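The sequence shown runs 4 to 432 under this note's numbering. See below for the structure under consideration.
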Amino acid sequence: MRRSTFTFAESVQGVQGVVAVLLLMASHGALARSLDASTAGGCSLNVDGGFTGRSTALLVNNRSRPPSWLLPVRNNRSKVLHLDRGQSFVASCPGSRNQVIGITQQHGVLECDAGALRAVASPIPKAINSRDLTCKKPAQAELRPGSKCGEGGRWFNVGFNVSGVGFVPLFGVCHNVDLGATLYAAHKLHGGAIDAAQDESKRPAFHQGLSDLYAGYSPDDAYKKSRQQATLMQLLGTRRAKEVLDVSPLVRGHLSPDGDFLWAPHQWATYFYANVAPQFSSINGGHWKVVENLARKVASQMQADLMVYTGTHGVLTLTNGDGKKVAIYLEPLKRKIPVPEHIWKVIYDPATKSGIALAVANNPTLTGRDRSASHLCEDRCAEHGWPTDLLGEVRKGLVVCCTVQQLKQAGVRLPASIRAEKVLRGPRR
4 MRRSTFTFAE SVQGVQGVVA VLLLMASHGA LARSLDASTA GGCSLNVDGG FTGRSTALLV
64 NNRSRPPSWL LPVRNNRSKV LHLDRGQSFV ASCPGSRNQV IGITQQHGVL ECDAGALRAV
124 ASPIPKAINS RDLTCKKPAQ AELRPGSKCG EGGRWFNVGF NVSGVGFVPL FGVCHNVDLG
184 ATLYAAHKLH GGAIDAAQDE SKRPAFHQGL SDLYAGYSPD DAYKKSRQQA TLMQLLGTRR
244 AKEVLDVSPL VRGHLSPDGD FLWAPHQWAT YFYANVAPQF SSINGGHWKV VENLARKVAS
304 QMQADLMVYT GTHGVLTLTN GDGKKVAIYL EPLKRKIPVP EHIWKVIYDP ATKSGIALAV
364 ANNPTLTGRD RSASHLCEDR CAEHGWPTDL LGEVRKGLVV CCTVQQLKQA GVRLPASIRA
424 EKVLRGPRR
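Below you can see the structure in the form of structure tokens.
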């Protein structure tokens with residue numbers, strides 16, 4: 004597996020004092036039943052064997068500098084985590100009155116000892132099993148504000164305050180507090196581990212995160228279908244609003260998607276309003292879902308750590324009943340939560356300085372000349388080995404491939420950490 008030395012802190016524009024991305028692992032229920040001492044006294048932990056999802060303890064390699072999350076791999080049909088003999092890590096369950104069940108503390112150091120996990124400081128040298136590594140209650144992610152970024156934005160790290168380690172960032176967002184709009188999000192996609200990601204079917208509610216975000220209005224209310232209907236009727240008129248919503252309502256479209264993260268607590272950490280943008284449902288579950296899967300596929304095939312940046316551009320305008328263009332906001336009176344005209348994703352390999360941008364027109368009602376005019380750049384998908392069938396159905400979203408330079412020329416302000424000198428080729432079929 005090829006891992007770049009590019010750290011998350013380096014990917015964030017203007018962030019100070021950020022710990023490099025720690026590669027975190029969460030572990031629930033039936034972990035240690037599968038300990039295997041066959042590799043020179045090391046431990047092999049079977050990820051498939053009974054994880055309970057959201058109550059997983061956070062497991063951090065405390066010997067690496069900076070600390071790193073433990074990464075599983077896929078071994079044939081199994082998802083496993085390998086530990087060398089003598090390797091230690093921190094198991095942590097942050098939060099008030101929370102604890103790692105097996106050691107009755109918020110955190111503890113565990114060590115692989117001849118094929119068995121043992122708590123280093125425990126007076127009872129018992130072997131620790133997977134049920135012991137469950138949190139009393141799910142670990143909660145936090146938003147931590149940082150420096151200025153982008154155009155009028157402020158950087159927010161999303162991560163965990165890990166007991167015994169400190170705050171561990173998982174990904175970050177550049178958010179314009181005044182507009183209630185996120186300019187872009189950035190995260191690391193672990194291509195060598197993504198095929199071993201934990202399956203978690205449950206999804207949490209979205210969180211506001213900090214009290215000074217969305218002050219004076221509620222994003223919960225703004226996204227409700229009944230509220231969307233009232234908003235679009237106000238902006239477009241009754242008949243035109245019905246035409247748009249009959250095609251598709253708006254949903255909370257992830258920027259850093261939950262499917263790019265390995266463990267249930269990480270996946271749940273993506274459910275902050277600062278990590279979403281208004282996106283039409285038919286596009287979110289249509290061609291944009293294909294784009295997200297393509298990012299994971301190319302990372303997996305490369306077995307590389309890639310940086311993924313996902314952002315918004317422009318404000319969508321729709322014609323009202325009088326044929327006039329109207330800018331669409333979910334909070335139109337306050338001009339907050341703008342519906343983006345485009346959503347883009349840059350997939351960047353810092354090791355080779357190669358990248359590609361995929362951009363979707365966030366409008367499932369385009370017709371005639373507006374279809375081609377909606378392209379953020381001249382499409383380069385075929386030239387660079389990316390799928391060419393994402394321009395067919397307007398309802399699913401019209402997607403084009405751009406070079407990073409093309410995206411900049413279209414007026415998208417990208418973080419300086421994207422230093423693409425070459426174009427990233429698409430995944431093998």
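Backbone N, C-alpha and C define an ideal beta-carbon position, used for all residues, glycine too. Since the structure is predicted, the reported quantities are computational estimates derived from the model, not experimental observations.
- As far as DSSP is concerned, G395 takes part in no beta bridge.
- Annotation: R299 to G256 spans about 17 Å, alpha carbon to alpha carbon.
- In this model, M236 and A354 are separated by some 49 Å (Cα to Cα).
- T234: member of the alpha helix (DSSP H) spanning K228 to L239, first to last residue.
- Positions of the alpha helix (DSSP H) runs, each at least 4 residues long and wholly inside the stretch 318-404, are given as 372-376 in order along the chain.
- Note that the C-beta distance between V363 and G400 is below 8 Å.
- Cβ contact annotation for A244 (same chain, cutoff 7 Å, sequence separation greater than five): Q232, L235 and M236, in chain order.
- Contact check for K82 against A225 fails: the beta carbons are separated by 8 Å or more.
- In the displayed model, E203 falls within coil according to three-state DSSP, outside both helix and strand.
- Ranked by how close their Cα comes to the Cα of P97, the residues H110, L86 and R88 have H110 in first place.
- In the three-state DSSP reduction, E424 falls in the coil class, being neither helix nor strand.
- Under the Cβ criterion (8 Å, minimum of three pairs), the stretch 57-64 counts as touching the stretch 91-108.
- Taking all protein chains in view, the Cβ of A218 is surrounded by fewer than 16 other Cβ atoms within 10 Å, so the residue is classified as exposed.
- In the structure shown, the three-state DSSP call for Y274 is coil.
- If you ignore the 5 residues before and after Y312, its C-beta comes within less than 6 Å of the C-beta of Y187, A189 and V349, all in its own chain and listed in chain order.
- If you draw a straight line from the Cα of D261 to the Cα of A272, it is about 8 Å long.
- If you draw a 10 Å sphere on the C-beta of T391, you find fewer than 16 other C-beta atoms in it, and that means exposed.
- Looking at the backbone, the Cα of A208 and that of R100 are separated by about 22 Å.
- The criterion of a C-beta distance shorter than 8 Å is not satisfied by P69 and A196.
- Within the stretch 143-183, the runs of beta strand (DSSP E) that reach at least 3 residues and sit entirely inside it are, in chain order, 145-152, 156-165 and 169-179.
- In this model, T406 and A142 are separated by some 39 Å (Cα to Cα).
- Secondary structure at D135: helix, using DSSP grouped into helix, strand and coil.
- In summary, D263 is buried, with 16 or more beta-carbon neighbours lying within 10 Å of its beta-carbon over all protein chains present.
- Under the DSSP assignment, N64 falls in the beta strand (DSSP E) whose first and last residues are A60 to N64.
- DSSP places D223 within a helical segment (H, G or I) once states are collapsed to three.
- In the three-state reduction of the DSSP assignment, A196 falls in the coil class, being assigned neither a helical nor a strand state.
- In this structure V342 is buried. Its beta-carbon is surrounded by 16 or more other beta-carbon atoms within 10 angstroms.
- When G289, P430, F275 and E295 are compared, the shortest CA-CA separation from S251 is found for G289.
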